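Undergrad:
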Amino acid sequence: MKKIIILFITVFSIAQLRAQIELSFNNRYQEYYQEAYEIHPQLPKGLLEAQAYVQSRNNHLVPSPQTQSCIGLPEAFTVFGLIEDGKGYFKNNLQFVSQLSGYSVSEIKNSPRMAILAYAEAIYQLSLQNGINSSNPEDYIGILEQLSFLPNNDPGQNYALNLELFEIYRFLNNPDFQSHYQLPSYTINMENLFGKDNLKVLSASKVTLNGSLITSNTGQQYQSVNHNKLSPDYPPGIWDPAPSCNYSSRSGTPISAVTIHTIQGTYAGAISWAKNCNSNVSYHYVLRSSDGQVTQMVYESDKAWHVGSANPYTIGLEHEGYVTDPSWYTVAMYQGSADVVRDICASGYGISNLRTAYFPWASTTHYNQSSIPGSCVQIKGHQHFPNQTHTDPDQYWDWKYYDNLINQSTSVTTLTNASGTITDAGGSAGNYPDDERQLILIQPPNASQITLTTVNFDLENTWDYLYIYDGATVNDPVIGYYTGTSIPATITSTGGSLLLEMRSDCATNNPGFEFNYTSTAPDAIPPTTQISPIGTVSSDFTATFTDADNTGGSGVNQHFYQVIDYNGFNWYANDSNGFFSDNFDSSAIAPHWTTYTGTWSINNNYLEQSDEVLANTNISAYVNQTTNNEFLYHWAGKISGSGTNKRAGFHFMCDDASLTNRGNSYFVWFREDDDKVQIYEVVNDAFTLVKDKSYTFNPNQWYDFKVTYDKTSGRIDIYIDNVYVDGWTDSTPLTAGNYVSFRSGNCIYTLNNLKIYHDRGPTALVTVGPGYPNDIYYQSNPSTQPAGKVKSIVIDAAKNLSAIDIEDVYVQWITSVDELLNKYNITVYPNPTADLITVKGKTISVLRLTDVQNKLIIEQSANQTGINTLNVQKLPSGTYLLYIFEKNSGKNIPVKIIKK
0 MKKIIILFIT VFSIAQLRAQ IELSFNNRYQ EYYQEAYEIH PQLPKGLLEA QAYVQSRNNH
60 LVPSPQTQSC IGLPEAFTVF GLIEDGKGYF KNNLQFVSQL SGYSVSEIKN SPRMAILAYA
120 EAIYQLSLQN GINSSNPEDY IGILEQLSFL PNNDPGQNYA LNLELFEIYR FLNNPDFQSH
180 YQLPSYTINM ENLFGKDNLK VLSASKVTLN GSLITSNTGQ QYQSVNHNKL SPDYPPGIWD
240 PAPSCNYSSR SGTPISAVTI HTIQGTYAGA ISWAKNCNSN VSYHYVLRSS DGQVTQMVYE
300 SDKAWHVGSA NPYTIGLEHE GYVTDPSWYT VAMYQGSADV VRDICASGYG ISNLRTAYFP
360 WASTTHYNQS SIPGSCVQIK GHQHFPNQTH TDPDQYWDWK YYDNLINQST SVTTLTNASG
420 TITDAGGSAG NYPDDERQLI LIQPPNASQI TLTTVNFDLE NTWDYLYIYD GATVNDPVIG
480 YYTGTSIPAT ITSTGGSLLL EMRSDCATNN PGFEFNYTST APDAIPPTTQ ISPIGTVSSD
540 FTATFTDADN TGGSGVNQHF YQVIDYNGFN WYANDSNGFF SDNFDSSAIA PHWTTYTGTW
600 SINNNYLEQS DEVLANTNIS AYVNQTTNNE FLYHWAGKIS GSGTNKRAGF HFMCDDASLT
660 NRGNSYFVWF REDDDKVQIY EVVNDAFTLV KDKSYTFNPN QWYDFKVTYD KTSGRIDIYI
720 DNVYVDGWTD STPLTAGNYV SFRSGNCIYT LNNLKIYHDR GPTALVTVGP GYPNDIYYQS
780 NPSTQPAGKV KSIVIDAAKN LSAIDIEDVY VQWITSVDEL LNKYNITVYP NPTADLITVK
840 GKTISVLRLT DVQNKLIIEQ SANQTGINTL NVQKLPSGTY LLYIFEKNSG KNIPVKIIKK
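Residues in the sequence shown are numbered consecutively from 0, following numbering that gives the first Met the number 0.
Now the structure itself:
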């Protein structure tokens with residue numbers, strides 16, 4: 000009777016909604032919906048508003064004693080009508096949304112903004128689980144079913160649930176709502192979603208409920224339809240059941256093991272084969288190689304037919320691929336499989352995560368040949384069960400990696416003393432326990448190397464192992480694995496972390512191990528660099544650098560220099576020579592920058608992007624990063640604003656600055672709210688996160704950023720405030736790049752002093768002369784004003800940065816401009832001019848007119864008559880530089896032009 004009443008109430012409520020569907024246009028939370036869609040741009044626009052309209056008319060529900068239901072319906076919260084206590088009937092979807100989104104129940108209940116962001120995050124998380132990457136609202140009907148508070152256990156409940164979904168999609172299809180809420184012009188195929196007859200029942204003005212039969216007033220009968228295809232035993236998976244002809248009952252046999260298979264075919268082929276009654280095979284789960292997608296085909300409680308005599312007590316997992324080709328065994332499939340196994344271990348069957356086949360011999364051992372492993376090992380391959388003729392997953396399945404994924408929650412004991420003694424869990428006097436997975440991390444602060452010295456070592460041979468990793472995690476390189484009594488006398492790490500993993504099986508334990516360890520303190524002293532005095536020059540010169548590290552230090556590893564020059568207004572650099580300099584001291588953005596997106600301006604001698612709405616701003620500049628091998632990018636930056644997802648960074652090695660992600664490039668990304676430093680690789684304008692490091696950022700604080708890139712090794716390193724943070728090595732490094740670009744997302748990004756250096760030896764040629772392609776274009780004017788600067792910075796192998804050394808360069812040409820013009824019989828007139836400039840000379844090759852910031856305005860080849868005219872009538876008044884290339888001498892003669 001209770002279910003009938005609830006169904007009546009639900010149907011009645013939705014019927015009332017239909018009657019009022021054109022009466023209310025409430026869009027008071029538009030800015031919160033917009034924020035949610037900016038965070039999750041793939042979500043169909045309007046999906047949130049439709050759900051809110053159906054559940055609450057877009058009002059944030061806050062129950063009180065005065066608003067309690069007179070018939071005892073549970074209290075609903077937020078614009079989405081979320082249920083906290085379903086009274087044993089409705090689903091508690093408030094807690095479900097909280098779990099999916101990471102927002103607390105209290106936050107969701109008390110704040111309309113938090114509720115909207117949490118619901119959007121819940122949809123997003125379910126879309127990831129369901130493999131949905133679409134902006135088509137029809138693809139999300141299964142997710143809306145999962146998030147609904149309505150149960151779905153019988154035809155009546157299914158009808159009520161689909162009434163709710165019908166109203167959501169009718170909202171999205173309604174032109175009035177599309178116009179008012181600024182939604183796309185959806186044309187949703189309702190018949191495709193609900194079925195032809197069901198659609199007539201759902202939209203009928205009257206329906207008849209007779210037991211499980213639901214019929215419209217025109218005679219159509221409702222048939223239950225489920226949009227949620229999730230696995231019944233493993234919700235992240237898909238449910239695609241095998242027919243009853245291909246599985247049977249376990250007949251009371253308890254589940255006690257998991258079997259790992261390789262399909263010897265494709266994911267789709269395995270699913271199809273299990274549906275063929277003539278195949279006489281089935282399996283509980285199938286996993287896809289490309290992304291780890293999981294399809295369940297048989298209930299865990301039933302007996303699938305996959306491993307012969309072991310069928311009654313096992314759960315079978317088939318993995319896409321072939322045993323002879325390791326490329327099928329992807330990280331995604333390993334992870335998806337491990338997730339399923341962990342879920343099985345948590346289901347109360349008595350299967351332990353620790354009983355996984357972790358042994359180094361597991362991939363090449365077959366039970367029929369060696370009678371190992373035995374029943375002690377509960378998670379193992381088809382090849383590890385008795386009476387089998389199959390060898391899957393065979394030699395290429397990485398059992399230790401798989402074991403690490405299944406047991407990823409094992410706690411780690413971290414030792415931070417510079418030296419000490421370590422033992423297994425049994426101590427120096429006792430034996431270690433069975434079913435042991437012990438992780439010991441030796442990580443003294445600032446250590447550069449750790450050495451283990453063996454005192455005692457005795458493990459059960461073949462079955463119990465000690466794995467030693469050269470780093471802090473089980474994903475770092477394995478120095479070695481040891482069993483029995485054989486182990487080196489000393490073992491040394493290459494860095495400041497060493498991880499020990501002790502594994503034992505279910506029987507027979509030995510005395511274990513004891514080690515002494517020592518650590519080596521790192522090189523913390525920065526190197527030095529010095530430029531030999533330069534003084535006044537009149538032509539090209541060689542700069543000499545003296546670089547040194549402290550005695551016993553790690554040694555200077557990277558050498559960088561930069562040449563900048565002064566045009567009378569600003570210090571810039573020749574970007575074609577791989578240098579760059581901008582102090583942002585002008586009143587306007589320099590012409591070498593191009594703004595693509597964002598609101599960029601010079602504000603108090605800083606470059607600033609002030610639009611907090613945009614998620615991807617772009618201001619870019621040309622820099623030749625193809626000619627040299629190593630670069631250092633240096634700038635100061637500050638992230639501020641009112642948002643909660645503020646981030647900003649810098650692209651380098653870009654090949655197309657106009658594209659969304661700058662074509663092919665790298666970018667470093669600083670997340671102020673999430674406290675992250677990240678490195679992304681961009682290939683064909685699609686980015687991939689390759690490094691993610693926690694780092695505490697303070698809001699609205701200036702930081703000094705330095706990033707180095709080595710093309711030959713593919714190494715990228717990040718320094719903040721002259722302290723190394725993290726790095727990444729690209730195995731296929733970019734070798735050509737033409738642009739750099741600042742980028743920000745939902746924040747104010749303030750910048751200063753961008754400097755780009757490149758590699759050098761102990762000396763470097765600095766070219767001097769008027770105009771391109773020289774490093775220093777200008778003379779000292781007055782003579783006491785440096786015309787250029789040479790700068791140097793070095794980094795040692797321990798990633799210590801030197802101070803920057805700077806030498807001023809004073810330039811005086813040997814020959815004045817007037818002397819050069821007279822020598823080559825060249826005349827320029829009138830000057831000043833309002834419209835035309837005439838240049839006479841028989842040996843002129845090319846004329847180039849630039850502004851004072853050396854931006855090219857006019858370039859033309861000289862004609863054979865020796866009389867050339869440049870039209871400057873449309874140029875603003877001011878000072879310009881005319882470079883006259885004299886072909887006999889190969890000189891660029893600069894002439895200052897005054898435009899009236």
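All C-beta atoms, glycine included, are put in the ideal place defined by N, C-alpha and C. From a predicted model like this one, the values you see are computed outputs, not experimental measurements.
Compare the Cα-Cα distances from I794 to each of Y312, S537, N556 and report the closest residue.
TA: Locating residue 794 in the sequence shown gives position 795, counting from the first residue. The candidate whose alpha carbon is nearest that of I794 is N556.
Undergrad: So who's on the other strand from L880, going by DSSP bridges?
TA: Locating residue 880 in the sequence shown gives position 881, where the first residue counts as 1. Answer is T849, K895, bridged to L880.
Undergrad: Measuring CB to CB, does H59 end up less than 8 Å from E144?
TA: Looking up residue 59 in the sequence shown gives position 60. Looking up residue 144 in the sequence shown gives position 145. Against a cut-off of 8 Å, the Cβ pair of E144 and H59 comes out as no contact.
Undergrad: In the DSSP output, what is C911 paired with across the bridge?
TA: This structure leaves residue 911 out entirely; the chain is present only between 0 and 899.
Undergrad: Confirm, please, whether the CB-CB distance from V257 to Q387 is below 8 Å.
TA: The residue you call residue 387 lines up with position 388 of the sequence shown. The residue you call residue 257 lines up with position 258 of the sequence shown. No. Outside cutoff.
Undergrad: Between the C-alpha atoms of Y882 and S600, what's the straight-line distance to the nearest angstrom?
TA: Your numbering for residue 882 matches position 883 in the sequence shown. Your numbering for residue 600 matches position 601 in the sequence shown. Rounded to the nearest angstrom, the two C-alpha atoms are 30 Å apart.
Undergrad: Along the chain, where does the beta strand (DSSP E) that runs through Q442 open and close?
TA: To locate residue 442, count along the sequence shown from 1; it is residue 443. Looking at the DSSP string, Q442 is not in any beta strand (DSSP E), and its letter there is neither H nor E.
Undergrad: Which same chain residues, not among the five before or five after G889, have their C-beta less than 7 Å away from its C-beta?
TA: Looking up residue 889 in the sequence shown gives position 890. Nothing listed; no residue qualifies.
Undergrad: With distance defined between alpha-carbon atoms, name the residue in H179, N216, Y185 nearest to N197.
TA: Here the question's residue 197 lines up with position 198 in the sequence shown. Of H179, N216, Y185, the residue nearest in Cα terms is N216.
Undergrad: My parser needs the beta strand (DSSP E) runs of 3 or more residues fully inside the region 449-504; what are they?
TA: 464-468, 477-481, 489-491, 497-502, all fully within the region 449-504.
Undergrad: Am I right that H318 and Y282 are in contact with their C-beta atoms under 8 Å? What's the rounded C-beta distance?
TA: On the sequence shown, residue 318 is found 319 positions in, with the first residue counted as 1. On the sequence shown, residue 282 is found 283 positions in, with the first residue counted as 1. Between Y282 and H318 the Cβ distance is about 10 Å, and since that is not below 8 Å, they are no contact.
Undergrad: What would DSSP say about H39, mapped onto helix, strand or coil?
TA: Walking along the sequence shown from the start, residue 39 turns up at place 40. Three-state result, H39: coil.
Undergrad: Considering only residues of the same chain and omitting the five flanking positions on each side of T313, which have a CB-CB separation below 6 Å?
TA: By one-based count along the sequence shown, residue 313 stands at place 314. Hits under 6 Å: A256, T258, V306.
Undergrad: Grab me the residues of A35's own chain with a C-beta within less than 7 Å of its C-beta, minus the 5 sequence neighbours each way, in chain order.
TA: For the purposes of this step, residue 35 is taken as residue 36 along the sequence shown, with counting starting at 1. Within the same chain, A35 has close Cβ partners L47, I115, L116, A119.
Undergrad: Given K895, which residues of its chain have a CB within under 7 Å of its CB, disregarding the five upstream and five downstream residues?
TA: Here residue 895 is taken as the residue at index 896 of the sequence shown, counted from 1. So the list reads T878, L880, once near-sequence residues are dropped.
Undergrad: To which residues of the same chain is M618 closer than 6 Å at the C-beta, ignoring the five residues directly before and after it?
TA: For the purposes of this step, residue 618 is taken as the residue at position 619 of the sequence shown. Note on residue identity: the sequence assigns Ile, not Met, to residue 618. Result list for I618: W592, T594, W599, F741, in chain order.
Undergrad: If you draw a straight line from the C-alpha of I20 to the C-alpha of T252, how long is it?
TA: Counting from one through the sequence shown, the residue named residue 20 turns up at place 21. Counting from one through the sequence shown, the residue named residue 252 turns up at place 253. Low per-residue confidence applies at I20: pLDDT is 41, beneath 50, and the placement is therefore not dependable, though the value from the model is reported in the following sentence. For I20 and T252, the distance between alpha carbons rounds to 56 Å.
Undergrad: Can you check DSSP and say which residues form a bridge with T412?
TA: As a working mapping, residue 412 is identified with position 413 in the sequence shown. I439.
Undergrad: Quick one, which of E500, Y679, G483 has its alpha-carbon nearest D469's?
TA: Within the sequence shown, numbered from 1, the residue matching residue 469 stands at position 470. When only C-alpha atoms are compared, the closest one is E500.
Undergrad: Helix, strand or coil, according to DSSP, for E83 in the structure here?
TA: Numbered from 1 along the sequence shown, position 84 holds the residue referred to as residue 83. Three-state result, E83: coil.
Undergrad: How is D342 classed by DSSP in three states: helix, strand or coil?
TA: Along the sequence shown, read from residue 1 onward, the residue named residue 342 stands at position 343. Of the three classes helix, strand and coil, the one that applies to D342 here is helix, per DSSP.
Undergrad: With contact counted as at least three CB pairs below 8 Å, one residue from each stretch, are the region 486-502 and the region 527-544 in contact?
TA: Not touching, per the Cβ criterion.
Undergrad: Please determine, among V293, G648, T261, the residue with the shortest C-alpha to C-alpha distance to Y233.
TA: Counted from its first residue, the sequence shown places residue 233 at position 234. Of the listed residues, the one whose Cα sits closest to Y233 is V293.
Undergrad: Which same chain residues end up closer than 6 Å to L286 when comparing Cβ atoms and leaving out the 5 residues on each side of it in sequence?
TA: For the purposes of this step, residue 286 is identified with residue 287 of the sequence shown, where counting begins at 1. Contacts found: V293, H318, M332, G335, S336.
Undergrad: For F669, tell me which candidate among G662, D655, N887, G648 has the shortest Cα-Cα distance.
TA: For the purposes of this step, residue 669 is taken as residue 670 along the sequence shown, with counting starting at 1. Of G662, D655, N887, G648, the residue nearest in Cα terms is G648.
Undergrad: Cα separation between L22 and A121?
TA: Locating residue 22 in the sequence shown gives position 23, where the first residue counts as 1. Locating residue 121 in the sequence shown gives position 122, where the first residue counts as 1. At L22, the pLDDT of 43 sits below 50, so the modelled position is not reliable; the number obtained from the coordinates is stated separately. Rounded to the nearest angstrom, the two C-alpha atoms are 30 Å apart.
Undergrad: Relative to the C-alpha of I974, which candidate in Y632, V871, V851, A267 has its C-alpha closest?
TA: Given a span of 0 to 899 for the chain in the structure shown, any question on residue 974 remains unanswerable.
Undergrad: For A75, name the three-state secondary structure that DSSP assigns.
TA: Numbered from 1 along the sequence shown, position 76 holds the residue referred to as residue 75. Three-state DSSP puts A75 in a strand.
Undergrad: Report all residues from its chain with a CB closer than 6 Å to the CB of L458; omit the five preceding and five following residues, and keep chain order.
TA: Position 459 of the sequence shown, counted from the start, is the residue given in the question as residue 458. Answer for L458: T482, N509, listed in chain order.
Undergrad: Below 8 Å CB to CB, which residues in the same chain sit around T695 once its five sequence neighbours on both sides are set aside?
TA: For the purposes of this step, residue 695 is taken as residue 696 along the sequence shown, with counting starting at 1. Excluding positions up to five away in sequence, the list reads D674.
Undergrad: What's the C-alpha gap between T420 and K302?
TA: Taking the sequence shown and counting its residues from 1, the one referred to as residue 420 is at position 421. Taking the sequence shown and counting its residues from 1, the one referred to as residue 302 is at position 303. Near 50 Å, if we compare the C-alpha coordinates of K302 and T420.
Undergrad: Would P698 pass as a contact of E680 if the rule is Cβ separation under 8 Å?
TA: As a working note, residue 698 is residue 699 in the sequence shown. As a working note, residue 680 is residue 681 in the sequence shown. No, the Cβ-Cβ distance between P698 and E680 is not below 8 Å.
Undergrad: Could you check what DSSP says for W599 in three-state terms: helix, strand or coil?
TA: What you label residue 599 is simply residue 600 of the sequence shown in a count that begins at 1. Of the three classes helix, strand and coil, the one that applies to W599 here is strand, per DSSP.
Undergrad: How many Å lie between P893 and H558 at the Cα?
TA: On the sequence shown, position 894 is the one that residue 893 refers to. On the sequence shown, position 559 is the one that residue 558 refers to. Using only the alpha carbons, I get a separation of about 34 Å.
Undergrad: What span of residues does the beta strand (DSSP E) with N617 cover, start to end?
TA: Residue 617 sits at position 618 when you count from the first residue of the sequence shown. From DSSP, the beta strand (DSSP E) with N617 extends over 617-621.
Undergrad: For N867, tell me which candidate among L846, H260, M189, G87 has the shortest Cα-Cα distance.
TA: One-based indexing of the sequence shown puts residue 867 at position 868. Nearest C-alpha to N867: L846.
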